[in-house]
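Novice: Have a look at this one.
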Amino acid sequence: RAEYDPGEGTGVLLPGSGTSPTLFGTEEDLITICDNAPSQINAVVFDRATGERRTEIPLFRPDESATENTAVGYGDELLFVNDSGYGGAFTPARTTHTGMERYRVVRNETGTVTDYEPVWKNDDSIANSAQLATATGVVWGYGADVDIDDADHFYLVAHSWETGDEIFRAYVGDDA
């Protein structure tokens with residue numbers, strides 16, 4: 002157990018962490034959640050055994066920062082999807098702020114996490130929890146192109162784990 006700022010639910014459905022805990026770490030020693038701090042959320046990384054806070058990673062942009070999705074954890078790296086502004090299943094995608102960010106935790110000479118470093122960031126849309134195919138290094142999810150014909154157009158999209166670049170998209174429908 003560890004305490005964190007549960008916020009007030011700004012930009013998400015309810016106060017508290019919108020994320021399920023994500024177990025990760027090359028030493029299988031870390032767990033992360035996203036807090037719901039006002040203005041800009043943080044990924045909070047804890048030591049699994051002790052509950053000690055190891056680092057906090059501010060995510061996305063102030064006043065456009067929230068998530069209801071668990072992080073993707075692989076090795077010592079984490080991927081987060083922004084869905085600030087999401088108001089539920091029938092909310093237009095054009096009201097949700099976009100972005101994905103990948104980070105790596107930094108360990109000292111004893112293996113203890115002391116900090117983090119960004120790997121990449123983009124402004125792409127993933128409207129659900131991203132999924133990583135580790136064998137291919139592809140991040141899959143559903144995204145939306147917004148403000149086209151005053152409608153939301155949805156796609157199955159794939160991004161490179163290494164670069165964050167979009168590498169595939171297939172149209173799946175729209176809200177019209």
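So the number in the working numbering is just where the residue sits in the sequence shown, counting from 1, plus 1.
All C-beta atoms, glycine included, are put in the ideal place defined by N, C-alpha and C.
Using only the alpha-carbon positions, how far apart do C1 and T137 sit?
Specialist: Any question about residue 1 goes unanswered here, given that the chain covers just 2 to 177.
Novice: Would you give the residue range spanned by the beta strand (DSSP E) that F61 belongs to?
Specialist: Per DSSP, F61 belongs to no beta strand (DSSP E) and is neither H nor E.
Novice: So, is F169 buried or exposed, given that buried needs 16 or more other C-beta atoms within 10 angstroms?
Specialist: By the neighbour-count rule (16 or more Cβ atoms within 10 Å), F169 is not buried but exposed.
Novice: I'd like to know whether the C-beta atoms of G112 and T97 end up nearer to each other than 7 Å.
Specialist: Against a cut-off of 7 Å, the Cβ pair of T97 and G112 comes out as no contact.
Novice: Got a sec, what are the start and stop residues for the beta strand (DSSP E) Q132 sits in?
Specialist: Its beta strand (DSSP E) spans residues 132–134.
Novice: Could you check whether Y117 and I58 sit closer than 7 Å to each other, using their CB atoms as the reference points?
Specialist: Cβ distance < 7 Å, so I58 and Y117 count as in contact.
Novice: Quick check on this structure: which residue in L31, V120, T71 has the alpha carbon closest to the alpha carbon of I127?
Specialist: Checked all of L31, V120, T71; the closest Cα to I127 is T71.
Novice: Using 8 Å for Cβ pairs, my map puts D124 next to T99. What's the rounded Cβ distance?
Specialist: That belief holds up - the Cβ atoms of D124 and T99 are roughly 5 Å apart, short of 8 Å.
Novice: Can you tell which of E78, S66, A171 has its C-alpha closest to the C-alpha of F25?
Specialist: The shortest C-alpha separation from F25 is found at E78.
Novice: Can you tell which of T115, F81, W141 has the C-alpha that lies nearest to the C-alpha of K122?
Specialist: Measuring from the Cα of K122, the nearest candidate turns out to be F81.
Novice: By alpha-carbon positions, which one of I32, Q41, A145, D151 ends up nearest to V73?
Specialist: Comparing Cα-Cα distances from V73 to each of I32, Q41, A145, D151, the minimum goes to I32.
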